[in-house]
Structures are given as C-alpha cells and as structure tokens.
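Protein chains in written order, with my numbering: chain A, 145 to 405; chain B, 145 to 405.
Number of protein chains: 2
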Amino acid sequence: MDKLYIIKIGGNIIDDEAKLASFLRDFASFNGKKILVHGGGKLATRMAEQLGVEQKLVDGRRITDAETLKIVTMVYAGYINKNIVAQLQAQHCNAMGLCGADGDLMLAHKRQHPVLDYGFVGDVDAINTQLIHTLLQSNISLVLAPITHDQQGQLLNTNADTIAQEIAKAMCSSYETALIYSFEKNGVLLDVNDEDSVIPELKPAYYQELKQKNRIFAGMIPKLDNAFAALNSGVRQVIIGKAEKLNELINGTSGTSIINE
Amino acid sequence: MDKLYIIKIGGNIIDDEAKLASFLRDFASFNGKKILVHGGGKLATRMAEQLGVEQKLVDGRRITDAETLKIVTMVYAGYINKNIVAQLQAQHCNAMGLCGADGDLMLAHKRQHPVLDYGFVGDVDAINTQLIHTLLQSNISLVLAPITHDQQGQLLNTNADTIAQEIAKAMCSSYETALIYSFEKNGVLLDVNDEDSVIPELKPAYYQELKQKNRIFAGMIPKLDNAFAALNSGVRQVIIGKAEKLNELINGTSGTSIINE
Chain A
145 MDKLYIIKIG GNIIDDEAKL ASFLRDFASF NGKKILVHGG GKLATRMAEQ LGVEQKLVDG
205 RRITDAETLK IVTMVYAGYI NKNIVAQLQA QHCNAMGLCG ADGDLMLAHK RQHPVLDYGF
265 VGDVDAINTQ LIHTLLQSNI SLVLAPITHD QQGQLLNTNA DTIAQEIAKA MCSSYETALI
325 YSFEKNGVLL DVNDEDSVIP ELKPAYYQEL KQKNRIFAGM IPKLDNAFAA LNSGVRQVII
385 GKAEKLNELI NGTSGTSIIN E
Chain B
145 MDKLYIIKIG GNIIDDEAKL ASFLRDFASF NGKKILVHGG GKLATRMAEQ LGVEQKLVDG
205 RRITDAETLK IVTMVYAGYI NKNIVAQLQA QHCNAMGLCG ADGDLMLAHK RQHPVLDYGF
265 VGDVDAINTQ LIHTLLQSNI SLVLAPITHD QQGQLLNTNA DTIAQEIAKA MCSSYETALI
325 YSFEKNGVLL DVNDEDSVIP ELKPAYYQEL KQKNRIFAGM IPKLDNAFAA LNSGVRQVII
385 GKAEKLNELI NGTSGTSIIN E
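So, in structure tokens, the structure goes:
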C-alpha cells in the first residue's frame with residue numbers, strides 16, 4: 145500500500161507569510177502522496193471587520209451566518225487556497241485546490257443541535273475516496289479548504305481538523321495513512337511550559353497512565369482522544385508537532401507520534 | 145470524437161440570482177462533456193468599493209493592482225466559483241471548480257506592454273489538456289474561474305472570453321469542440337435595435353459581405369474576428385446567443401452559429 149500523508153496546518157502558519165512559504169517548500173519537497181488541509185487564520189476575521197460584518201457568538205461559540213459564510217468561502221476557498229496552490233506550483237509540486245463541493249468531494253449536513261443554531265456549519269457525512277484516489281494517482285497533491293456542501297446547493301463551514309481526520313479515515317482502506325496535525329508547539333508536552341518535554345511516542349496504555357496522573361494538558365485531551373479514535377478507524381499514525389519542522393515530523397525525528405500498540 | 149461544449153457566461157447572468165439558477169439548471173440538464181467559464185459580474189467591483197479599494201484606470205483601461213488581484217481571487221475563484229459548483233451539484237451535475245493554478249491548468253505570463261503596466265494581468269501560454277481530458281473522462285464538468293498563474297507563484301487576472309477560447313482551441317484535437325458565448329442579446333443582430341434580426345448562421349464569405357456593407361455592429365467585430373480565428377484553429381463551431389436560451393443555443397434553434405465553409 146502507498147503511504148498517504150494528510151497534513152493540517154494551523155492558522156498561525158497561514159498568518160505568517162515567511163513561515164507559510166517555508167512550510168510550503170517543505171511540503172513540496174518530500175516524496176509521497178500528500179494532502180494539505182488548511183483553515184483560515186486571522187484573515188477571515190480581518191475581512192469581516194473591514195466589511196463591517198459582526199462575528200456572532202452564542203454561548204461563546206462562533207455562529208456562521210450567511211454573511212460570515214460568504215467571507216469564509218471567499219477567504220478560505222478563494223484567496224488562501226489559490227495562493228497556496230500557486231506557491232506549490234512554483235515549487236514544482238502539482239497541487240490542486242478544492243473545497244467539498246468540487247467533485248462532490250466532501251458531503252455534509254447542516255449541524256443539528258437541540259437548542260443552538262450554529263448557522264451554516266457542516267458535519268461531514270461522506271468523502272469521495274474514488275476522486276481523491278484518481279487525483280493522487282495522477283500525481284496531484286490536494287489542497288483542501290474547510291468548506292463542504294450538502295448536495296442541496298448549500299455550502300457549509302466545517303472545522304479543518306475534522307476534515308483532515310475524516311479524509312485520513314476514509315482513505316485508509318487504500319493507503320497507509322498518516323495524519324499530521326501541525327501547530328505552534330513541538331508536540332504533546334509533559335510540561336506545557338517546557339518545549340523540550342515532548343513525548344516522542346504515545347500509545348494507548350501510556351496515554352491512559354498520563355491522563356490518570358493529570359500529566360496531559362487539558363486542552364490536548366480532545367485532540368488526543370480524536371487521534372486515538374482515528375487510529376481505531378484504521379489510520380496508521382497520528383503525528384502532532386510544529387509546522388516549521390515538517391520534514392522532521394515526517395521522518396519521525398520531531399513531534400509526538402501517536403500509534404496503537 | 146466526443147463533443148465538448150465550452151460555455152462562457154457573462155456578468156449579467158452572474159449578477160442575477162434567478163437567471164443564474166435557471167441557467168445552471170439548463171447547464172446541468174444537457175448531455176455531454178461540458179466546461180463552464182465564468183467572469184465576475186459586478187460583485188468584485190462592489191467588494192472593492194466596500195473595502196475602499198479604488199479601481200485604477202490608465203488610458204481608460206482597468207489595471208489589476210495587488211489589492212484588486214486579491215479581491216478577484218476571492219470573488220471569482222472563491223465565492224462565485226464555489227457557489228456555482230454547489231448549485232450544479234444540487235442539480236446532479238458533478239461539477240469541479242478550478243482556477244489556472246489548480247493542477248497547472250492554465251499557465252500564463254504577466255502581460256508585457258511597451259508603455260502600460262496592466263498590473264497582474266495574464267496572457268495564456270498553455271492549457272493542461274491532459275488534466276482536462278482526465279477529469280472529463282471521469283464525468284466531471286469543469287467550472288473555471290478566470291485566474292491563471294505564472295508557475296512562479298503569482299496568480300494573474302485573465303479575461304474570461306480569452307480563457308474560453310484558449311480552452312476550446314486546446315481541446316479540439318481530442319474533442320469536437322463547440323464554443324458558446326452567452327450574453328444579453330439573442331445573437332449577432334443585423335439590426336442592433338431589433339432582437340428578432342438574429343443571423344442564424346454566419347460563414348466567412350457572408351461575414352465579409354456584411355462587414356463591407358457596414359451591417360455588423362462595430363462592438364461585435366472583435367468578438368467575431370476572434371470567433372473565426374478559433375474556427376481556423378480547429379474549433380468546430382462558435383455559438384453566440386442569450387444565456388437564458390442555453391438549450392436552444394445547443395440544439396441550434398437560437399443564437400448565431402459561426403462555422404467555416
């Protein structure tokens with residue numbers, strides 16, 4: 145089975161032109177099938193401010209109203225996605241930028257909640273694995289914007305972490321999939337204030353032990369629970385680490401590698 | 145050879161939600177390989193106004209500066225492109241929206257002019273016919289935004305009419321290509337004030353005759369010269385007519401069909 149890397153980059157990289165350029169050089173240079181999933185960083189927020197569109201929060205949660213959806217579609221699927229693709233092309237990486245509506249790549253439904261209306265937020269139902277396979281086999285690297293569709297003509301805003309995970313799970317019957325979450329820290333840390341305290345390898349038993357001893361930073365727990373859920377769905381490896389060290393994350397010399405026994 | 149329709153829709157359709165929805169229903173419903181090329185209508189201009197970006201004109205020509213390029217990338221390749229794709233998906237047409245950087249689909253260079261700097265405007269150098277062929281053979285209909293790239297990381301704004309023509313010319317060795325320019329009039333008119341005076345069929349000799357008699361509206365001449373140039377490059381047929389009558393344009397009962405002898 146071919147190996148497939150699904151790499152999520154966080155907003156802090158998107159927002160920093162030099163870091164993004166450096167990351168994209170690393171992404172372009174490593175061999176193998178690869179998919180990049182990006183969010184939007186602060187650009188969408190700034191665009192909303194410039195256009196006078198107020199961000200709606202209900203119970204501390206951001207709501208995607210029609211105007212916000214328009215902005216994220218423009219910024220994520222337009223500006224950021226196409227600039228990333230153009231930069232990868234310049235690095236001789238044949239990239240193609242898509243959102244979930246393109247080729248029916250990612251089908252979702254508007255989130256249902258008993259009390260809250262999240263607006264145009266989508267939860268993923270299906271991934272078009274055949275299309276992804278066809279494109280990867282044509283040596284195309286995919287760049288995915290976190291916008292899905294509902295097959296009824298509605299675009300939906302979807303969490304980029306979730307998209308990366310759904311793609312990794314869906315592709316694991318045809319590829320040995322590794323899911324890489326790149327963020328601002330060096331990996332999963334034993335001491336949240338010490339960047340040198342990275343746990344290089346995390347298996348279920350050790351994770352349970354660390355959780356019981358309260359050695360895992362609370363904010364990491366949902367991420368790690370999701371990582372183990374992905375492994376249980378057939379993903380081979382989840383790697384969490386710093387975007388600036390992409391090559392090292394891939395060859396296993398940086399970050400935290402989360403694997404099953 | 146399979147028939148391939150390359151259809152350009154004008155801004156007046158993009159700007160009108162009901163007309164666009166009706167056009168997309170027609171586009172989705174006809175059988176055959178098809179590519180839709182869209183411009184941006186007034187949305188980009190409105191967005192520029194909202195963001196306080198002044199439109200620069202030099203000698204009456206619009207200049208694409210960096211801020212304008214950002215806006216057209218957001219509006220054309222993001223908002224308009226993805227909404228068209230989502231609507232086509234709702235009509236069970238498996239559409240995929242791309243710009244020229246995606247899969248290196250349309251390579252261009254920044255326009256060189258001895259005196260004028262048009263800014264980030266691209267003239268097309270190459271079309272990735274292999275990729276288009278692969279996607280069409282997967283029963284995907286393409287929706288193309290008029291943004292190209294220069295393989296150096298720069299996106300470029302490119303005229304949508306030109307893109308439609310370049311695609312039609314590039315694909316004519318593998319397909320019997322028909323290029324449809326849909327606009328606000330019923331076709332090429334003998335009398336510009338009479339919508340019933342459509343010329344149903346225009347061949348080179350008749351065109352020369354009409355030109356000599358000054359029976360062709362001056363504004364149409366560059367369009368028609370381009371149409372005949374496309375035919376001389378192997379495009380089978382150019383059809384000019386009203387977007388609201390797409391089905392009739394395709395089956396030859398409306399619009400002007402421009403063909404070689």
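Built from N, CA and C at the ideal position, the CB exists for glycine as well.
Sheet register partners of residue i (DSSP bridge)
i, result
"Asp267(B)", "His253(B)"
"Glu320(A)", "Lys147(A)"
"Lys386(B)", "Phe327(B)"
"Gln401(A)", "Here the sequence assigns Ser to residue 401(A), which means Gln is not the residue at that position. BP columns for Ser401(A) point to Glu345(A), Ile383(A)."
"Leu286(A)", "Ile179(A), Met240(A)"
"Arg206(B)", "Leu201(B)"
Beta-carbon neighbours of residue i, restricted to chain B and to distances below 7 Å
i, result
"Ser238(A)", "Here residue 238(A) is Asn; the residue named in the question, Ser, does not match the sequence. The contacting residues are Gly247, Asp248."
"His293(A)", "Ala230, Gln233"
"Thr217(A)", "Gly222, Tyr223, Lys226"
Neighbourhood of residue i by C-beta, 8 Å cutoff - its chain only, sequence neighbours within 5 removed
i, result
"Ser377(B)", "Lys313, Cys316"
"Val229(A)", "Ala239, Met240, Gly241, Val287"
"His182(B)", "Lys152, Ile153, Ile158, Tyr220, Ile224, Asn225, Ile228, Val287, Leu288, Ala289, Pro290, Ala304"
"Leu249(A)", "Leu242, Cys243, Ile271, Asn272, Leu275, Ile276, Leu288"
"His236(A)", "Ala172"
Between the CA atoms of residue j and residue i - distance to the nearest angstrom
i, j, result
"Asp267(B)", "Lys386(A)", "39 Å"
"Leu280(A)", "Met240(A)", "10 Å"
"Gln194(A)", "Asp170(B)", "37 Å"
"Pro348(B)", "Leu390(B)", "24 Å"
"Thr292(A)", "Asp246(B)", "18 Å"
"Ala289(B)", "Asn227(B)", "12 Å"
"Tyr270(B)", "Ala165(A)", "Contrary to the premise, residue 270(B) reads as Ala rather than Tyr in this sequence. Using only the alpha carbons, I get a separation of about 26 Å."
"Ser441(A)", "Ser282(A)", "Outside the shown range of chain A, which is 145 to 405, sits residue 441(A), and nothing can be said about it."
"Leu354(A)", "Ala362(A)", "11 Å"
"Ile284(A)", "His277(A)", "10 Å"
"Gly297(A)", "Ala192(A)", "23 Å"
"Ala252(B)", "Val265(B)", "9 Å"
"Val259(A)", "Gln199(A)", "19 Å"
"Gln231(B)", "Leu168(B)", "7 Å"
"Asn301(A)", "Leu213(B)", "24 Å"
"Asn122(B)", "Gly399(B)", "In the structure as shown, chain B starts at 145 and stops at 405, and residue 122(B) therefore has no counterpart that could be examined."
"Val342(B)", "Tyr350(B)", "14 Å"
"Gly196(A)", "Arg190(B)", "14 Å"
"Ile360(B)", "Thr208(A)", "51 Å"
"Glu405(B)", "Gln352(B)", "13 Å"
Chain-ordered chain B contacts of residue i [CB-CB under 9 Å]
i, result
"Ala192(A)", "The contacting residues do not exist; Ala192(A) stays about 12 Å from chain B at best."
DSSP state of residue i mapped onto helix, strand, coil
i, result
"Arg169(B)", "helix"
"Lys313(B)", "helix"
"Gln235(B)", "coil"
"Asn301(B)", "strand"
"Gln281(B)", "helix"
"Leu180(A)", "strand"
"Gly196(A)", "coil"
"Glu345(A)", "strand"
"Gln407(A)", "As displayed, chain A neither begins before 145 nor continues past 405, which places residue 407(A) out of reach and without an answer."
"Lys357(B)", "coil"
"Lys152(A)", "strand"
"Leu260(B)", "coil"
"Leu201(A)", "strand"
"Leu334(A)", "coil"
Contacts around residue i, its chain only, beta-carbon distance under 7 Å, and the 5 residues preceding and following it disregarded
i, result
"Gln274(B)", "none"
"Thr321(B)", "Leu148, Ile150, Ala312, Met315, Val379, Arg380"
"Gln309(A)", "Leu323, Asn370, Ala374"
"Gln233(A)", "Ala239"
"Leu334(A)", "Ser341, Ile343, Arg359"
Own chain partners of residue i with C-beta closer than 6 Å, once the 5 adjacent residues on each side are dropped
i, result
"Lys177(A)", "Asp146, Leu148, Leu280"
"Ala188(A)", "Ile215, Val216, Val219"
"Glu328(B)", "Asn156"
Partner residues on chain A for residue i, Cβ-Cβ distance less than 9 Å
i, result
"Gln309(B)", "Simply none; closest approach about 22 Å."
"Leu195(B)", "Met191, Gln194, Leu195"
Proximal residues of chain A, C-beta to C-beta of residue i below 8 Å
i, result
"Leu280(B)", "Within 8 Å Cβ-Cβ: nothing; Leu280(B) doesn't reach chain A, min ~12 Å."
"Lys214(B)", "Tyr223"
Neighbouring residues, chain B, relative to residue i (Cβ below 8 Å)
i, result
"Leu299(A)", "Lys226, Asn227, Ala230"
"Lys177(A)", "Within 8 Å Cβ-Cβ: nothing; Lys177(A) doesn't reach chain B, min ~15 Å."
Heavy atom of the ligand ZN within 7 Å of residue i beta-carbon
i, result
"Arg205(A)", "In the structure on display, the ligand ZN does not appear, and there are no ligands present to speak of."
Residues that residue i contacts on chain A, provided the C-beta gap is smaller than 7 Å
i, result
"Gly241(B)", "Asp246"
"Gln296(B)", "Ala234"
"Ile284(B)", "Gly247"
"Lys163(B)", "The contacting residues do not exist; Lys163(B) stays about 16 Å from chain A at best."
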